[in-house]
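Protein chains: 2
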Amino acid sequence: MAITENTEITEAITDAEWAVMRIVWTLGEADSHTIIDLVSQQHDWKAATIKTLIGRLVKKGALATTKNGRQFIYTPLIPEQAAMDTALTSQLDQMCAMCRGQAFVNAIDQTELSQTDIQELITHLQEKLTTAPTTITCDCLPEGYEGSC
Amino acid sequence: MAITENTEITEAITDAEWAVMRIVWTLGEADSHTIIDLVSQQHDWKAATIKTLIGRLVKKGALATTKNGRQFIYTPLIPEQAAMDTALTSQLDQMCAMCRGQAFVNAIDQTELSQTDIQELITHLQEKLTTAPTTITCDCLPEGYEGSC
DNA sequence: GGTTAGAGTTTACATCTGTAAACGTAAAGT
DNA sequence: ACTTTACGTTTACAGATGTAAACTCTAACC
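Protein sequence lines, in the order shown, are assigned to chains A and B.
Note that this note's numbering has the first sequence beginning at 1, numbered continuously upward.
Note that this note's numbering has the second sequence beginning at 1001, numbered continuously upward.
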């Protein structure tokens, strides 16, 4: 007797759907009017388009609905940070293991980070350094093949 | 008089196409037989499928072809690191600016990095720290709205 | 109580992706 | 020269995604 069926929270959120989720994550909950209003100010999408995105997010278990009079209140069923982690990690997982470090360097270079963020990253990295391997092997070729990019 | 038409190197590489690109990036160049052979060992795809992917990559300007007898030699037209950066950055760009730091922390936690990588990251971060803002504002809502996630 | 507006649902449709068979053609072997 | 191979191209097709109109109700207003 689960509250929500929660068959599998793990349906990937598409690029367009991210825009909707960000609104709901930030507000905590929102009705469709609010979502449509705010998303329209960021993207040149018709209300109908945003309705479709909301519907798909509900169907894929990313948003919960609570009846409120004639309309629904939408709330996130998956945490924002978890969605971000999943998105980043799946992207990284398909890249050469050996090159991921450099990818981080470049991504971090191009990202505005707060002093606190940076300090936390440094701390984590220093901790990670204590158990880090000397080298990471390129995993672009199948088992048994040599090569590195 | 460009060597290659290079209309726009910026066509995104899809998940399946990454598998092909990684082989070519690692080998520097490869004929289709080699690509099909190696990719088949990593993915349960038919040769025809891999041929399709190669064809699409050529069409979208990610791979160059050089005739060699009855077949082609394929070479990357976009650098691996650039593709990785683009993929990561576009992912990050659609996430809340305020949460990106934490996303990095989590992603780095789940990624194996070499001592050298980590040290380079720390150095970069220490450098970045000198000009970092105290806080990053949540940019999930449209201009003029308050809110943070 | 009848009308209406607006919320959610259905339907639509082109393009992109993943996956693959079929085909045309020229090189390679006999 | 003839056949076979196999490389690249064309075609196929279902499901995902972006984008949006049309439709169905029911709650709200007069």
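In this text, a Cβ means the ideal position worked out from N, Cα and C, and glycines have one as well.
Quantities reported herein were computed from a predicted structural model and do not represent experimental measurements.
Original post:
Are Ala64 (chain A) and Thr75 (chain A) touching if we call contact CB-CB under 8 Å?
Top reply: yes
Original post:
Do Glu1080 (chain B) and Ala97 (chain A) have their C-beta atoms within less than 8 Å of each other?
Top reply: no
**OP:** Please decide whether Leu57 (chain A) counts as near chain B, where near means a Cβ-Cβ distance under 8 Å.
**Re:** no
Subject >> Minimum Cβ-Cβ distance from Gln71 (chain A) to chain B less than 8 Å >> reply: no
**OP:** Kindly indicate if chain B contains any beta-carbon less than 8 Å away from that of Trp18 (chain A).
**Re:** yes
**OP:** Please state if the CB of Gly1147 (chain B) and the CB of Thr131 (chain A) are separated by a distance shorter than 8 Å.
**Re:** no
Original post:
Based on the DSSP secondary-structure assignment, which residues constitute the bridge partners of Tyr145 (chain A)?
Top reply: In DSSP, Tyr145 (chain A) forms no bridge with anything.
**OP:** Select from A:Leu92, A:Ser40, A:Thr14 and A:Lys128 the residue whose C-alpha is nearest the C-alpha of Ala1019 (chain B).
**Re:** A:Leu92
Original post:
Within this structure, are the beta carbons of Gln1110 (chain B) and Ile122 (chain A) separated by less than 8 Å?
Top reply: no
Original post:
How is Leu1088 (chain B) classed by DSSP in three states: helix, strand or coil?
Top reply: helix
Original post:
Where Glu11 (chain A) and Glu1029 (chain B) are concerned, what is the direct C-alpha to C-alpha distance, given to the nearest angstrom?
Top reply: 36 Å
**OP:** Taking all protein chains shown into account, decide if Lys128 (chain A) is buried (16 or more other Cβ within 10 angstroms of its Cβ) or exposed.
**Re:** buried
Subject >> Inter-residue spacing [alpha-carbon to alpha-carbon] between Ile136 (chain A) and Val1039 (chain B) >> reply: 21 Å
**OP:** Please confirm whether Cys1140 (chain B) and Arg22 (chain A) have their CB atoms less than 8 Å apart.
**Re:** yes
**OP:** On the DSSP bridge assignment, give the partners of Thr34 (chain A) in chain order.
**Re:** Answer is none; Thr34 (chain A) lacks a bridge partner.
**OP:** Starting from Leu1080 (chain B), find everything on chain A with Cβ-Cβ shorter than 8 Å and list it in chain order.
**Re:** Reading the sequence as shown, one finds Glu at residue 1080 (chain B) and not Leu. Ordered by position in chain A, the residues that pass the 8 Å Cβ test against Glu1080 (chain B) are Cys96, Cys99 and Cys149.
**OP:** Measuring alpha carbon to alpha carbon, tell me which of A:Gln102, A:Gln41 and A:Ala48 ends up nearest Ala1083 (chain B).
**Re:** A:Gln102
Original post:
Along chain B, which residues have their Cβ under 7 Å away from the Cβ of Ala107 (chain A)?
Top reply: Asp1085, Leu1088, Thr1089 and Leu1092
**OP:** Using three-state DSSP, classify Leu113 (chain A) as helix, strand or coil.
**Re:** coil
Subject >> Straight-line gap, Trp45 (chain A) to Val1105 (chain B) (C-alpha atoms, nearest Å) >> reply: 33 Å
Subject >> Rounded straight-line distance, which links the Cα of Arg70 (chain A) to that of Gln94 (chain A) >> reply: 45 Å
Original post:
Does the distance from the CB of Ala1062 (chain B) to the CB of Ile1013 (chain B) come in under 8 Å?
Top reply: yes
Original post:
Can you tell me whether Pro1133 (chain B) is buried or exposed, with buried defined as 16 or more other CB within 10 angstroms of its CB?
Top reply: exposed
Original post:
How big is the Cα-Cα spacing for Cys1138 (chain B) and Val1024 (chain B)?
Top reply: 40 Å
**OP:** Return the CA-CA distance between Leu88 (chain A) and Ala16 (chain A), expressed in angstroms with no decimal places.
**Re:** 16 Å
Original post:
Which residues mark the beginning and the end of the alpha helix (DSSP H) in which Lys67 (chain A) is found?
Top reply: From DSSP, Lys67 (chain A) is part of no alpha helix (DSSP H) but of the beta strand (DSSP E) over Leu63 to Asn68.
Subject >> Residue(s) in a DSSP beta bridge with Pro1076 (chain B) >> reply: B:Leu1063
Subject >> Members of the stretch 125 to 140 of chain A that neighbour chain B once the beta carbon cut-off is set at 8 Å >> reply: Leu125, Gln126, Lys128, Leu129, Ala132, Pro133, Thr134, Thr135, Ile136, Cys138 and Cys140
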